[in-house]
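Mapping the sequence shown onto this note's numbering, position 312 (from 1) lands on 491, and the numbers just tick up by one. Structure first, then comments.
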Amino acid sequence: MIHNKVLLLFFIGLMCFWSSEFAAQQKQDSTQIYYKAIKDFKDINLSTKAFDYFQRKVDKALEDNKSEAAAYYLELIAFGQYRMGFYDQSEQYTIQALKILDSVEQQSKTKVARERLYNQLGIIYRNLRDYNNSNNYFKKALTLNENPDNIIATVTNIANNYADQDDYKKAVEVLNPLYKKALAIQDIGIKVVFIDNLGYYKTKTGDDNGLELMKMALAMRRQSQMLTGLFSSYRHMSLFYLNQDKRLKAKPFIDTLQIIGKRIGTPSYESEALKLKLSLENHPDLNNYIDLNEQIENERLARENKFAAIKYNVAQKERQLIAKEQELKITELEKEKEKNLKLFYLALGFLILFISGFFMMILKIRYKKDKVKQVYLTEARISKKVHDEVANDVYQVMSRLQTTPKVNDDILDDLESIYFKTRDISKENSTIDLNENYLSILKDLLLGYRTASVNIITKGINQVPWEQIDDIKKITLYRVLQELMVNMKKHSGASNVVLSFKFENNKIQIAYTDNGQGCELLKGTGIQNMENRIKSINGTIIFESESGRGFKSKISV
180 MIHNKVLLLF FIGLMCFWSS EFAAQQKQDS TQIYYKAIKD FKDINLSTKA
230 FDYFQRKVDK ALEDNKSEAA AYYLELIAFG QYRMGFYDQS EQYTIQALKI
280 LDSVEQQSKT KVARERLYNQ LGIIYRNLRD YNNSNNYFKK ALTLNENPDN
330 IIATVTNIAN NYADQDDYKK AVEVLNPLYK KALAIQDIGI KVVFIDNLGY
380 YKTKTGDDNG LELMKMALAM RRQSQMLTGL FSSYRHMSLF YLNQDKRLKA
430 KPFIDTLQII GKRIGTPSYE SEALKLKLSL ENHPDLNNYI DLNEQIENER
480 LARENKFAAI KYNVAQKERQ LIAKEQELKI TELEKEKEKN LKLFYLALGF
530 LILFISGFFM MILKIRYKKD KVKQVYLTEA RISKKVHDEV ANDVYQVMSR
580 LQTTPKVNDD ILDDLESIYF KTRDISKENS TIDLNENYLS ILKDLLLGYR
630 TASVNIITKG INQVPWEQID DIKKITLYRV LQELMVNMKK HSGASNVVLS
680 FKFENNKIQI AYTDNGQGCE LLKGTGIQNM ENRIKSINGT IIFESESGRG
730 FKSKISV
């Protein structure tokens, strides 16, 4: 039994879609022609060309990233293949359309199309005798249904599956609760199918009310003159009377069924009508032949069923796994990003610390330089003050006393000594003219301490690139060397003084040696001053001395 095998309720929505789409075109173009060839299915050659045409439309839509359009074209091809009886191919194209719709980001836009495709798969699997899969897809379609007409159509399809398995009681249980709602819907085609099927299934359960429903449906179909619908009603009436063994009553319905089958022009309709015609003869061998044919057909369908729906579910799981993998990758990327961000902030923190330390060091160096400069300026100011005020005043007192009679010579000698001391102090702390040749000034300083009894030797002083040396360092070295020479003159009693200069690794190395009497190294004012001066420019100074073995000092700046 085929139970409305050719009645595709879900294709009503598809027909409406394509009709509205193509009605917008003013001229009779290829799309309209090929659409009609699949819809009407009268010219097999034209229908075959239509499949090729819409396949090219699918390829072009995919190339243009128009997923929804590609899915619609595939749906139309699947419809045509179903009409030709190519259920496996129809199944594959339907599932391909679903896969394409799965890739659409806004799934809400695909809701109506997915509902049709789920219904389409449900009907295909019904014809392949895969009722579990069929009902699964009908139920999926119901979850997307909001339109009362579509709900009634889908529920009718579910009931048909139970009827195909001879579970008419279950079929009635599915349909009966929706009877009043079915009477209220607008779509006459869906309404009549519901009433006719409910009536036939009731008669199979022994409910006499079923015949009245079948007659009601037949009357409605006669008014609409829908050939496939009339075929279904006459078929049900024929089967009802054959089941009641009322062959005379069945015969006029079967005769009309044959006429309608020929008018439809599809072999499956004519074959079904002929089978019922032969059933009137009630020949045992004929019935066995029909049963064997149905058994062979069922086995063929079972062999050819490729379970593409299972493939689709597997593909869905694969997509879910891929999605999970992508989520894991995203999580890993986020973790890596977070790690990199932490490293960035850590590096930024170190950079800030480094820059802060660098600036602190610069400020410290600048502070030290400013301090050294202030010391130098203070010394120069004191030197000038001693020279201008103290030394001059002492000199004027000496001049007056020299013209005054009866002045003790010792007093004059003491005043003269004070005068020379103040002059020396002034000279030692006077300004250093760095604009002139520093090398010459430094040489003059050192050689100024040479006397008949003291020999001053300098080595490598000319090899130091003094023009590259910072002014603060020049001043500091000048003062420290001046301090060493003063100490030598006052305390050592040396006859030979050697000063060796080297410039290595951007540092000035100075070694001072004399052959004086030496001394114990006590942190006196002179040594302390030299250490402070060298330390202020981040240099080092070392003193070595033993009594009777001379004095040594090493400077590095």
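Backbone N, C-alpha and C fix where the C-beta goes; we use that ideal spot for every residue, glycine too. It should be emphasised that the depicted structure is a prediction, and the values quoted were computed from it without experimental measurement.
- The straight-line gap separating the alpha-carbon atoms of Val-353 and Tyr-347 is approximately 10 Å.
- For Asp-231, the secondary structure class from DSSP, reduced to helix, strand or coil, is helix.
- Between Leu-421 and Ser-447, the beta carbon gap of about 19 Å keeps them out of contact (Cβ cut-off 8 Å).
- Assignment of beta-bridge partners to Gln-696 by DSSP yields no partner.
- Between Ile-620 and Tyr-628, the beta carbon gap of about 14 Å keeps them out of contact (Cβ cut-off 8 Å).
- Cβ-Cβ distances below 7 Å link Tyr-691 to Leu-663, Leu-678, Lys-731 and Ser-732 in the same chain, with the five nearest sequence neighbours on each side left out; the list follows chain order.
- Here Leu-624 is near Leu-660, since their CB atoms are less than 8 Å apart.
- With a 10 Å radius around the Cβ and a threshold of 16 neighbouring Cβ atoms, Lys-638 comes out exposed.
- Between Thr-289 and Leu-280 a beta carbon distance of about 4 Å is seen, short of the 8 Å cut, so the two are scored as contacting.
- Counting along the chain, Asn-634 sits inside no alpha helix (DSSP H); it lies in the beta strand (DSSP E) bounded by residues 634-638.
- For Lys-518, the secondary structure class from DSSP, reduced to helix, strand or coil, is helix.
- By the C-beta density criterion, Tyr-358 is exposed, having fewer than 16 other C-beta atoms within 10 angstroms.
- Residue pairing by DSSP places Leu-678 opposite Thr-637 and Tyr-691 in a beta bridge.
- Among the bridge pairs identified by DSSP, Ser-724 is matched with Phe-730.
- Assigned with DSSP and collapsed to three states, Ser-226 falls in helix.
- Around the C-beta of Gln-642, fewer than 16 other C-beta atoms lie within 10 Å, and the residue is accordingly described as exposed.
- Between Asp-343 and Arg-305, the beta carbon gap of about 7 Å places them in contact (Cβ cut-off 8 Å).
- At least 8 Å separates the beta-carbon of Lys-319 from that of Tyr-341.
- For Ala-673, there is no enclosing alpha helix (DSSP H), as DSSP marks it with neither H nor E.
- Residues of the same chain with a CB within less than 6 Å of the CB of Phe-317, apart from the 5 flanking positions on each side, are Gly-301, Thr-333, Asn-336 and Ile-337 in chain order.
- Beta-carbon to beta-carbon, Phe-258 and Ile-217 are separated by about 6 Å, close enough to satisfy the 8 Å threshold.
- Contact between Ala-396 and Val-371 holds, since their C-beta atoms are separated by about 5 Å, short of 8 Å.
- Sequence-distant Cβ neighbours of Leu-455 in its own chain, meaning closer than 6 Å and more than five residues away, are Ser-417 and Ile-433.
- Non-local beta-carbon contacts of Gly-672 in its own chain, meaning distances under 7 Å to residues more than five positions away in sequence, involve Gly-695 and Gln-696 in chain order.
- A straight line joining the alpha-carbon of Arg-401 with that of Glu-284 spans about 46 Å.
- Here Asn-314 has Gly-301, Ile-337 and Asn-340 as same chain residues with Cβ atoms under 8 Å from its own Cβ, once five neighbours each way along the sequence are excluded.
- Residue range 367-383 is occupied by the alpha helix (DSSP H) that includes Gly-368.
- For the 8 Å CB-CB criterion, Tyr-232 and Ala-240 do not form a contact.
- Nearest to Lys-441 by C-alpha distance, out of Leu-406, Ser-674 and Ser-246, is Leu-406.
- When DSSP assignments are scanned along the stretch 381-410, the uninterrupted stretches of alpha helix (DSSP H) that are 4 or more residues long and fall wholly within it turn out to be 388-403.
- Uninterrupted alpha helix (DSSP H) stretches at least 4 residues long and entirely within the stretch 246-332 occur at 246-262, 266-281, 290-306 and 310-323, given in chain order.
- Taking Ala-429 as the centre and dropping the five residues before and after it, the same chain places the C-beta of Ser-417, Tyr-420 and Leu-421 closer than 6 Å to its C-beta, in chain order.
- When DSSP states are grouped into helix, strand and coil, Glu-683 belongs to the strand group.
- When C-alpha distances from Phe-410 are compared across Ile-443, Met-709, Asp-424 and Leu-390, the shortest belongs to Ile-443.
- Taken in chain order, the complete alpha helix (DSSP H) segments of 4 residues or longer contained in the stretch 412-460 are 426-443 and 446-458.
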